[in-house]
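Scroll down for the structure; my scribbles are underneath it.
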Amino acid sequence: MVFDTLKEFAMAALGAQEMVRNFVEDLVKKGELSESQGMKMVKEWSEKLGKTGSEFSSNLSETISSVLEKMNLAKKDDIEKLTKKVNSLSARVSALEGTKNTDDEKH
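For what it's worth, the numbering used here labels the leading residue of the sequence shown as 12, then goes sequentially.
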């Protein structure tokens, strides 16, 4: 879901850059801009789009982190600790069951 949104945004940004290039190329062909002015304009707009993309990505990451924190989901570390604890307790139960079976056989 999140990655799809980022992918769509990246594709839109690439599309916007292409539109800027085409627009500037048309202005250069019509003589309304010199080639150097056109290159400068494309560079400036590309930088602005890049900054916007970085800001969007940063804001999206912060929002996702905030939502996940509010959901109070278990983290990978928490799950690993619980898995170790369950394995330890399972081993103890198995050992106790083995002892119980041995005691039952004696009686």
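Positions of the beta carbon are idealized from the N, C-alpha and C atoms, including for glycine.
Looking at residue j and residue i, is the spacing between their C-beta atoms short of 9 Å?
i: Trp56; j: Val31; result: yes
i: Ala102; j: Leu93; result: no
What do you get for residue i, buried or exposed, if any count of 16 or more other CB atoms within 10 angstroms of its CB means buried?
i: Asp49; result: Per the sequence shown, residue 49 should be read as Gly rather than Asp. Flag for Gly49 reads buried.
Can you look up residue i in the DSSP assignment and give me helix, strand or coil?
i: Ser77; result: helix
i: Gly109; result: helix
i: Lys86; result: coil
Rank the options by C-alpha distance to the C-alpha of residue i and give the top, closest one.
i: Lys59; options: Asn83, Ile75, Leu25, Thr74; result: Leu25
i: Phe34; options: Met52, Met22, Glu19, Ala23; result: Met52
i: Lys54; options: Phe67, Gln28, Ser105; result: Gln28
Legend entry - 3 or more residues per run - each beta strand (DSSP E) lying fully within the segment 21–59: Within the segment 21–59, no complete beta strand (DSSP E) run reaches 3 residues.
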